[in-house]
Amino acid sequence: MSTPVKAPKPGPQAAKTQPARPKAPKPGPPHSTPAIAPVLTGAQAVVKALEELEVEAVFGIPGGAILPAYDPLLDSAKVRHVLVRHEQGAGHAAAGYALATGKVGVCMATSGPGATNLVTPLADAHMDSVPIVAITGQVASTAIGTDAFQEADIQGITMPITKHSYLIRDAAEIPRVFAEAFHVAATGRPGPVLIDIPKDILTAQTPFVWPPRMDLPGYRPTTQPHGKQIREAAALIAEAKRPVLYVGGGVVKAGAHAELLELAELTGAPVITTLMARGAFPDSHAQHLGMPGMHGTVPAVHALQKSDLLVALGARFDDRVTGKLDTFAPEAKVVHVDIDPAEIGKNREADVPIVGDCKAALAAMVEAYVDPGPERLKAWWEILDDLRERYPLGWTDIDDGLAAPQYVIQRLGALADPDTIWTTGVGQHQMWASQFIDYEQPGTFLNSGGLGTMGFAVPAAMGAKLGQMHRPVWAIDGDGCFQMTNQELATCAVEGIPIKVAVINNGNLGMVRQWQTLFYDKRYSNTDLSTHHTDESPRVPDFVKLAEALGCVGLRCDTEAEVDEVIKQANAIDDRPVVVDFTVGPDAMVWPMVPAGVSNDEILYARDVRPTFEHEGAV
5 MSTPVKAPKP GPQAAKTQPA RPKAPKPGPP HSTPAIAPVL TGAQAVVKAL
55 EELEVEAVFG IPGGAILPAY DPLLDSAKVR HVLVRHEQGA GHAAAGYALA
105 TGKVGVCMAT SGPGATNLVT PLADAHMDSV PIVAITGQVA STAIGTDAFQ
155 EADIQGITMP ITKHSYLIRD AAEIPRVFAE AFHVAATGRP GPVLIDIPKD
205 ILTAQTPFVW PPRMDLPGYR PTTQPHGKQI REAAALIAEA KRPVLYVGGG
255 VVKAGAHAEL LELAELTGAP VITTLMARGA FPDSHAQHLG MPGMHGTVPA
305 VHALQKSDLL VALGARFDDR VTGKLDTFAP EAKVVHVDID PAEIGKNREA
355 DVPIVGDCKA ALAAMVEAYV DPGPERLKAW WEILDDLRER YPLGWTDIDD
405 GLAAPQYVIQ RLGALADPDT IWTTGVGQHQ MWASQFIDYE QPGTFLNSGG
455 LGTMGFAVPA AMGAKLGQMH RPVWAIDGDG CFQMTNQELA TCAVEGIPIK
505 VAVINNGNLG MVRQWQTLFY DKRYSNTDLS THHTDESPRV PDFVKLAEAL
555 GCVGLRCDTE AEVDEVIKQA NAIDDRPVVV DFTVGPDAMV WPMVPAGVSN
605 DEILYARDVR PTFEHEGAV
């Protein structure tokens, strides 16, 4: 292995620049309708509600059914509309904005295909608990159910992939529905909410009353954990000889990074952060073992497997972390903290279930914990430190004359401003970005974890940049992902949103090719994308020319010797979007790896290299 990542060492605490916890509108108190309420069209009421909810940006595309809402939107001095090139881009941009700011992201589309193009980003936001509100136009109320032009039952279609959905039947409902939708999206376990509005409702006249009275009788998220459960959890941590703090995205959503740091340092327990929690605990901290799961670090995976106590914080025991579920952490008791009671016990039974907000639960654990002294974890840390030393993250150089993709990504991280926000698509480049960039702050690594949506990076970067214009935003994408949503670079160029895109161009669908190499006898069926130049064929497409056609600066890097200079050149451009085509070899692989469907005990450090655990039974 070459160019290993530096061994973890004590480092700074998380920086102060963090996205806030998702903000919900303040529920209006019961009140009587004012003597004189302004009479607006439904469309004007939609825009007025967005203004009252302090929405800064809406990502969308107009069309027939939603068109009435676009007319008053033109006159709004408070709400900026970003005209995307595809509705999927609108949904992912709203998610990127929400993840970077902690506010609710908003997207808008017309009926039929406009609405159905939002299905993927809604499913993505649902899986990753991202607060967005999608507003869709619908055919006129009298035409619903008649298979009218551009009719689709988007409420029904999205019911399994939204936290809640509305079909407005009366224009007078608009203020209440919008207040409820934003409240539901941002509170409890965050998630997407859909509001579908027939065209005749948008043109109808209605009194506009604000603030409205919200009517959510069955919606009462539990935020404060039960004191007895907290005391039991604290006692288990104090007794454990091999504890692990298993940190999921819920800690980031709760803004609980400071409390996590305090509990970790108080208990001395090792910390692992999932793909959705990268940055929730500083990578530089001595107690951080890295990411768990299919492409996690050897120390993190082994720590989970051999632990006697898992303290799961806003994590859901998904299959990419657990491997074969019935072999996962067989000796561990489980403390499971989650704001969503449906997650507790879903995949792994909890010995101490704690329903509540991670920030409140962590703070309560700190108060309840009685330190028995550091000696009990000495043998545990000797094992984990030994694994860290023997199995650092790194890669094997391939003599193909091209830059190693891992090196490119490591240099991107090393040369970036510490305040940089990173987004990725899905595949090898996503895993390398999680491994070879150091994350010290929460909310700096935005990616599609649960759904694994190719094409997430560019529109999410656009939304994140719009929400944090003072911070650099890099999208790390693969050549396959990039070709799914790169049209949003035209949006960025026209709207003045100067993101930077690193295309890790290996000419293939890299992760699929890796599986074909390992499990399909190198039968490379339909994974060659032809984005590399060869003697027989040109680049299709040429990403530099494509970037320039979309109003961006296009750069190319073909050798390792050019990497730093090209990155510095891209970092220096702040007035336009930048795309860098990094030509890398097709044979690099993501290691470590736990093959699908097997126990985490079967982890491979590199191809045909299985870690040795010489300390079995030592604790």
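Each residue of the sequence shown is one higher than the last, beginning at 5 in the working numbering. Note that beta-carbon positions come from the ideal geometry of N, C-alpha and C, so glycine has one too. Treat the numbers as computed from the prediction; the structure is a model and nothing was measured.
Outcome for residue i when other beta-carbon atoms lying within 10 angstroms are tallied against a minimum of 16
{"i": "His35", "result": "Bear in mind that a pLDDT of 44 at His35, under 50, signals an unreliable position, so the number given afterwards is only what the model happens to contain. Classification for His35: exposed."}
{"i": "Ala553", "result": "exposed"}
{"i": "Pro422", "result": "exposed"}
{"i": "Thr150", "result": "exposed"}
{"i": "Val567", "result": "buried"}
{"i": "Tyr250", "result": "buried"}
{"i": "Asn530", "result": "exposed"}
{"i": "Asp200", "result": "buried"}
{"i": "Arg173", "result": "exposed"}
{"i": "Thr146", "result": "exposed"}
{"i": "Gly160", "result": "exposed"}
{"i": "Leu270", "result": "exposed"}
{"i": "Thr616", "result": "exposed"}
{"i": "Tyr524", "result": "exposed"}
{"i": "Ile40", "result": "exposed"}
Distance, residue j Cα to residue i Cα
{"i": "Ile139", "j": "Gly106", "result": "19 Å"}
{"i": "Gly46", "j": "Asp342", "result": "38 Å"}
{"i": "Gly300", "j": "Pro179", "result": "46 Å"}
{"i": "His292", "j": "Ala238", "result": "20 Å"}
{"i": "Ala143", "j": "Phe63", "result": "It is Val, not Ala, that sits at residue 143 in the sequence shown. Each residue's Cα considered, the two are about 21 Å apart."}
{"i": "Arg543", "j": "Asn509", "result": "11 Å"}
{"i": "Asp605", "j": "Pro296", "result": "12 Å"}
{"i": "Arg246", "j": "Ala574", "result": "45 Å"}
{"i": "Ala354", "j": "Tyr609", "result": "30 Å"}
{"i": "Pro164", "j": "Thr457", "result": "17 Å"}
{"i": "Val598", "j": "Gln520", "result": "15 Å"}
{"i": "Gly349", "j": "Gly431", "result": "29 Å"}
{"i": "Glu55", "j": "Arg217", "result": "17 Å"}
{"i": "Ala307", "j": "Asp287", "result": "17 Å"}
{"i": "Glu444", "j": "Leu220", "result": "38 Å"}
{"i": "Phe547", "j": "Asp401", "result": "25 Å"}
{"i": "Ala626", "j": "Glu564", "result": "As displayed, the chain neither begins before 5 nor continues past 623, which places residue 626 out of reach and without an answer."}
Reference residue i, options the options, closest by Cα
{"i": "Gly67", "options": "Lys203, Asp79, Ala175 and Ile40", "result": "Lys203"}
{"i": "Val134", "options": "Gln487, Cys111, Gly297 and Thr150", "result": "Cys111"}
{"i": "Arg224", "options": "Ala147, Val359 and Gly118", "result": "Val359"}
{"i": "Asn351", "options": "Phe321, Phe332 and Glu371", "result": "Phe321"}
{"i": "Gln92", "options": "Ser115, Ala284 and Pro463", "result": "Pro463"}
{"i": "Leu314", "options": "Ala183, Asp323, Val302 and Phe332", "result": "Phe332"}
{"i": "Gly511", "options": "Phe440, Pro409, Ile577 and Trp478", "result": "Pro409"}
{"i": "Lys572", "options": "Lys504, Asp287 and Leu522", "result": "Lys504"}
{"i": "Val498", "options": "Gly141, Leu87 and Ala208", "result": "Leu87"}
{"i": "Asp562", "options": "Pro446, Tyr74, Val588 and Glu347", "result": "Val588"}
{"i": "Ser603", "options": "Lys328, Ala284, Gln491 and His90", "result": "Lys328"}
{"i": "Arg193", "options": "Gly253, Glu177 and Val181", "result": "Gly253"}
{"i": "Glu236", "options": "Lys469, Asp483, Ser534 and Ala365", "result": "Ala365"}
{"i": "Ala176", "options": "Gln154, Thr207 and Ala284", "result": "Thr207"}
{"i": "Pro581", "options": "Leu122, Gly555, Tyr170 and Arg415", "result": "Gly555"}
DSSP three-state assignment for residue i, whether helix, strand or coil
{"i": "Leu493", "result": "helix"}
{"i": "Cys362", "result": "helix"}
{"i": "Tyr74", "result": "helix"}
{"i": "Gly466", "result": "Looking at the sequence provided, one finds Met at residue 466 rather than Gly. Helix, per DSSP."}
{"i": "Ala479", "result": "strand"}
{"i": "Trp214", "result": "coil"}
{"i": "Cys111", "result": "strand"}
{"i": "Ala408", "result": "coil"}
{"i": "Leu313", "result": "strand"}
{"i": "Pro202", "result": "strand"}
{"i": "Lys337", "result": "strand"}
{"i": "Gln154", "result": "coil"}
{"i": "Phe170", "result": "The amino acid at residue 170 is misidentified as Phe; the sequence shows Tyr. Strand."}
{"i": "Val598", "result": "coil"}
{"i": "Arg560", "result": "strand"}
{"i": "Gly160", "result": "helix"}
{"i": "Asp342", "result": "strand"}
{"i": "Thr587", "result": "strand"}
{"i": "Ala354", "result": "coil"}
{"i": "Ser36", "result": "Confidence in Ser36 is poor, its pLDDT being 45 and thus under 50, which makes the residue's placement unreliable; the coordinate value appears in the next sentence. Ser36 falls in the coil class under three-state DSSP."}
Cutoff 7 Å: residue i Cβ touching any chain B Cβ
{"i": "Asp132", "result": "Among the chains of the structure shown, chain B does not appear; only one protein chain is present."}
**Request:** At 4 residues or longer, and completely inside the region 489 to 543: list those alpha helix (DSSP H) runs for me, N to C.
**Result:** 492 to 499 and 514 to 523
**Request:** Counting only runs of 4+ residues fully inside the region 249 to 328, write out the alpha helix (DSSP H) ranges in chain order.
**Result:** 253 to 257, 261 to 271, 302 to 310 and 323 to 326
**Asked** Which whole runs of the beta strand (DSSP E) in the region 44 to 98 are 3 residues long or more, in chain order?
**Response** 61 to 64 and 84 to 87
**Request:** Would you mind listing the beta strand (DSSP E) stretches within the region 434 to 467 that are 3+ residues and don't spill past its ends, in chain order?
**Result:** none
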